[in-house]
């Protein structure tokens, strides 16, 4: 009787054995390393069963839910291979070398996913998700027929990241998780979370409650592009409790995404200084602000004798951390201790960018430390500060990442450099043997306009760009100035979404997509010498359906 059931089930799908396919049936982003087209199609229906080992329970649940979301079929899972017919089989194997690689085999009667780790299995499922979604678009009979293939795939870079600035504007937990979902579907693995700014402090630090009681809120925001026209007089703010952050970390972990927190220092600290004025070189001096855009509430505070307030306008600010006072170092060691205990990531980003040195030049404490430590000016004072924090974090089992300004002094060679002012800093660091993440503002800053015709575009940062989908796709993260050995110091790439003018999740999605999709392919696919932008656009047109399925907003320029 059992053999009859198996035979009947097998015969049911025989008609799908010989279906022919063309390359247009396979539209996968990021492009797989190796794809072989085969005859046949696997039909997903109520009889489909997922078989996997218990170590893959998270991935199995994700696959089952993915199929449910797209097809509305509620398929089941087994921990034992019952009849070897019409199954999706997930297994781990040592025969695959790459930690994040996978093999995906699709035949008319079964799908096999093999990976060395659960990460690889997850990425295979993301590939399968696209194929299932494509089948729903291609089908006239409402059948979900997945074209047969053999894929052997692995990522080009170990760091495939996206940064979200929540310091300028606060985004709720729901959107943070949606941002993580976007990272996951693109087979990216790093969420760089920018948590502190002049305009807002977003992470609960239990030892210093004023950071969120005071620093998480500003009384208004400038209207128009910097230098702005006036204040909107609308209070804005919010922060993430440590319990919320733990929940977000666990959510990301299920999607094999590491969260790297950024606590920016010694610049970009207006919110911290407003909370604890002793952090400034000059606590008794009023926060420098643009007079024409100070909110009415902040004017009241300043008139009442308050000296330090959270910044309400954008731009680089002069009131930075005092690097000459021991109390500043103690404060930030305590902050970083809580951050290090909270985030499992081996890295913590400590900024190091856009630190104006005007206050340090006239600060007795800073000048005394420069003389005492025999430092060559304020640039080396910044390196001294960064190296101190690096040494502290090393004792906590962490490594640091910093923006490329950290190269301007004598920064520790253990620091990973994030090259944002072009690729020059990345080249310098790689030649020095330091690890590098390439994130040049042109073309990888996603707050820049995405088309040259900006008349009908929402307000964003001016004077640079546009950073188009094509620019992003054609960018080569391995500069020709580097030798093959030096190129190995490039850990990967990252797209950055700064949010000075991006106040809502809807606008954030518009600026992210589809440019984030182009970044994902550069990060994953190793065929730089085979790049074909027109071919990428053909696949991107199919990928558009995934945006719609996820319910996200996106820019439609390249689809029109």
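Residue numbers (the working numbering): 20 to 579. The C-beta atom is built at its ideal place from N, Cα and C for all residues, glycine as well. Since the model is a prediction, treat every value here as computed from it, not as a measurement.
Where residue 336 is concerned, there is no enclosing alpha helix (DSSP H), because DSSP gives it neither an H nor an E. By the neighbour-count criterion, in which 16 or more other beta carbons inside 10 Å mark a residue as buried, residue 105 falls on the buried side. Between the alpha carbons of residue 541 and residue 495 lies a gap of roughly 8 Å. In this structure, the alpha-carbon of residue 422 lies about 38 Å from that of residue 76. For residue 66, there is no enclosing beta strand (DSSP E), since its DSSP letter is neither H nor E. Taking the Cα positions, residue 36 is about 10 Å away from residue 30. For residue 471, the three-state secondary structure derived from DSSP is coil. Per DSSP, residue 568 is one residue of the alpha helix (DSSP H) stretching across 552-569. Taking the CA atoms as reference points, residue 267 sits about 45 Å from residue 390. When DSSP states are grouped into helix, strand and coil, residue 199 belongs to the helix group. When secondary structure is reduced to three states using DSSP, residue 422 falls in the strand class. Listed as beta-bridge partners of residue 455 by DSSP are 436, 509. Taking 9 Å as the cut-off, the Cβ atoms of residue 362 and residue 275 do not count as close. If you compare the alpha carbons of 150, 112, 55 with that of residue 62, the shortest gap goes to 150. When DSSP states are grouped into helix, strand and coil, residue 126 belongs to the coil group. Linking residue 525 to residue 575 through their CA atoms gives a straight-line distance of about 14 Å. Counting only runs of at least 3 residues, the region 131-188 fully encloses the following beta strand (DSSP E) elements, listed from N- to C-terminal order: 163-172, 178-184. Residue environment for residue 185: buried (at least 16 other C-beta atoms within 10 angstroms of its C-beta). For residue 249, the pairing in a beta bridge is given by DSSP as 242. The beta carbon of residue 341 lies closer than 7 Å to those of 298, 299, 300, 347, 382, 384, 385 in the same chain, with the five residues before and after it left out.
Here residue 55 is bridged, per DSSP, to 169. Residue 345 sits in a helix when the DSSP states are folded into three classes. When secondary structure is reduced to three states using DSSP, residue 319 falls in the helix class.
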